[in-house]
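Taken in sequence, the protein lines are chains A and B.
Just so you know, the first sequence maps onto residues 66 to 164 in the numbering used here.
Just so you know, the second sequence maps onto residues 1174 to 1481 in the numbering used here.
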Amino acid sequence: YLYDNRYAGDKVIRVVPENEEAAKTLKDLSQQFKVDLWQPGSVSYISKGAFVDLHVSRNTSQILLAYLQQANIQYTVLISDLQKAVEKQSGLRVSRNRR
Amino acid sequence: SLPGYSYDIYHSLEEIQSWMHHLNKSHSGLVHMLSVGKSYEGRPLFVLKLGKRSRVYKKAVWMDCGIHAREWIGPAFCQWFVNEALQTYQTDPAMRRMLNQLYFYIMPIFNVDGYHFSWTHDRFWRKTRSKNSRFHCHGVDANRNWKVKWCDEGASIHPCDDTYCGPFPESEPEVKAVADFLRKHRKQIKAYLSFHAYAQMLLYPYSYKYATIPNFSCVESAAFNAVNALQSVYGIRYRYGPASSTLYVSSGSSMDWAYKNGIPYAFAFELRDTGHFGFLLPETLIKPTCTETMLAVKNITMHLLKKC
């Protein structure tokens, strides 16, 4: 596996905060769970209406998604298994390596 | 160029550096490789000077890719641009005019340490790999470390944050090396283009404030024509405008510094996509992304050659 399979089960989640309260909740959760923010560049940019793409580890994702549901914050799972997406990105390479 | 070197896959740092060495030898009439310094971990910072050699003074365009390590499509585009230029110099009148009348300084990987780390350890690493004496965290955001409104809004003073501005402006050897080069060539360089991902945007100053640049109409029309040229290929829409209002406010960026340093056309491309794949844009999309971006860059370059 690439990167020793370290991203197995990790997810990338997209949230678009509908109001300032949701934005604040998302900021707090992002800091609390130390997510890897893909967009925007930093937590301070999280604001109402702005795309927020979060890379969350396998263990964290269940807890985080539960918090979002509880806070009634809509989300989309952009990438459900990051390891598979990493492997697929350089598809040629992985098959080449296997060969 | 390099036999068997594929431009629609992602390459490691070593592969890209040997590609540059090869071009330096095989296309000496149009390519000259130089090093502008060394990275924090001691790797050379290679730049390709592309263009017909001439004793006559020529203006120049600077292009850098890979300021943020995880944005692999950037370095892929820089390589694509060089190959396209070499392959079409004889057949494409526009490219011939560009390379005869201008030099292009192309830095395929700005953040060499971070890029290497993103291949070997952490695919989503963003920053440089400098060590912080007081914290266990590595790295500075190379796009927050420039001496323009340094460490103001949109940058973090905390070393573990992704947008950490560094202990002082140009603290990062990579940033200092490029800033020194651009300062030295400031009279010659008329456009600064930096390639990032992902968001599908073409941004111009200012990032650090909501204000209009003095040469707004010229820059705006260049951006407008560039995104239209880009869209004409596959219909992909890029938003364009001042970075502060189109993306978000950020301080210490290379684009703002280049503009403040006297380069009249400074742009930052946020290449594909808008989030479906994010940093993991598949290799199958390298070709369309680079093909459309090529048109945008040629458009900006031809705008430079006209009087605005």
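Using N, Cα and C, we set each Cβ at its ideal position, and we do this for glycine too.
Given the structure is predicted, the values throughout are model-derived calculations rather than measurements.
- Item | Check whether B/Thr1301 and B/Asn1284 have beta carbons under 9 Å apart | The residue labelled residue 1301 of chain B in the question sits at position 128 within the second sequence. The residue labelled residue 1284 of chain B in the question sits at position 111 within the second sequence. Yes, Cβ-Cβ distance for B/Thr1301 and B/Asn1284 is below 9 Å.
- Check each candidate in A/Leu67, A/Glu85, A/Thr141, A/Gln97 and name the one with the smallest Cα separation from A/Lys76. Indexing the first sequence from 1 puts residue 76 of chain A at position 11. Checking every option, the nearest Cα to that of A/Lys76 belongs to A/Thr141.
- Do B/Ala1441 and B/Ala1416 come within 9 Å of each other at the CB atom, strictly closer than that value? Taking the first residue of the second sequence as position 1, residue 1416 of chain B is located at position 243. Taking the first residue of the second sequence as position 1, residue 1441 of chain B is located at position 268. Going by C-beta atoms, B/Ala1416 is nearer than 9 Å to B/Ala1441.
- B/Leu1453 at chain A interface by Cβ criterion, 9 Å: Counting from 1 along the second sequence, the entry for residue 1453 of chain B is found at position 280. For B/Leu1453, the answer is yes, since a Cβ of chain A falls inside 9 Å of its Cβ.
- Message: Is there a C-beta anywhere in chain B that falls below 9 Å from the one on A/Gln154?
- Response: Locating residue 154 of chain A in the first sequence gives position 89, counting from the first residue. True, the Cβ-Cβ gap to chain B drops below 9 Å.
- Indicate, with yes or no, if the ligand FMN has a heavy atom lying under 8 Å from the CB of B/Ser1394. Ligands are entirely absent from the displayed structure, and the ligand FMN is therefore not among its contents.
- Note down, one range per segment and in chain order, each beta strand (DSSP E) of at least 3 residues found wholly within the stretch 1200 to 1248 of chain B. 1204 to 1211, 1217 to 1223, 1232 to 1238
- Task: Assign B/Pro1346 to one of three DSSP states: helix, strand, or coil.
- Result: Counting from 1 along the second sequence, the entry for residue 1346 of chain B is found at position 173. Helix.
- Item | Between the CA atoms of A/Ala131 and B/Glu1187 - distance to the nearest angstrom | Position 14 of the second sequence, counted from the first residue, corresponds to residue 1187 of chain B. Position 66 of the first sequence, counted from the first residue, corresponds to residue 131 of chain A. In a straight line, the C-alpha of B/Glu1187 is about 43 Å away from that of A/Ala131.
- Item | Buried versus exposed call for B/Arg1270 [16 or more other C-beta atoms within 10 Å across all chains shown] | One-based indexing of the second sequence puts residue 1270 of chain B at position 97. The residue in question, B/Arg1270, is exposed, as its Cβ has fewer than 16 Cβ neighbours within 10 Å.
- With 7 Å as the C-beta to C-beta threshold (strictly closer), list the residues of the stretch 1175 to 1204 of chain B near chain A in chain order. Ile1182, Tyr1183
- Query: With distances taken from CA atoms, which of A/Leu67, A/Gln148, A/Val81, A/Tyr110 is nearest A/Leu133?
  - Reply: Locating residue 133 of chain A in the first sequence gives position 68, counting from the first residue. A/Leu133 has its Cα closest to that of A/Val81, out of A/Leu67, A/Gln148, A/Val81, A/Tyr110.
- Task: Note down, one range per segment and in chain order, each beta strand (DSSP E) of at least 3 residues found wholly within the stretch 1340 to 1395 of chain B.
- Result: Counting only runs of 3 or more, we get 1362 to 1370, 1374 to 1377.
- Roughly how many angstroms separate the alpha carbons of B/Trp1298 and B/Ile1246, rounded to a whole number? The residue labelled residue 1298 of chain B in the question sits at position 125 within the second sequence. The residue labelled residue 1246 of chain B in the question sits at position 73 within the second sequence. B/Trp1298 and B/Ile1246: Cα-Cα distance of roughly 14 Å.
- Query: Which class does A/Gln127 belong to by DSSP, given the choice of helix, strand or coil?
  - Reply: Taking the first sequence and counting its residues from 1, the one referred to as residue 127 of chain A is at position 62. Note: A/Gln127 maps to helix in three-state DSSP.
- Item | Rounded straight-line distance, which links the Cα of B/Gly1327 to that of A/Ser107 | Here residue 107 of chain A refers to the residue found at position 42 of the first sequence. Here residue 1327 of chain B refers to the residue found at position 154 of the second sequence. Taking the straight line joining both Cα atoms gives about 8 Å.
- Message: Do B/Glu1456 and B/Ile1182 have their beta-carbon atoms positioned less than 9 Å apart in this structure?
- Response: The residue you call residue 1182 of chain B lines up with position 9 of the second sequence. The residue you call residue 1456 of chain B lines up with position 283 of the second sequence. Cβ distance < 9 Å, so B/Ile1182 and B/Glu1456 count as in contact.
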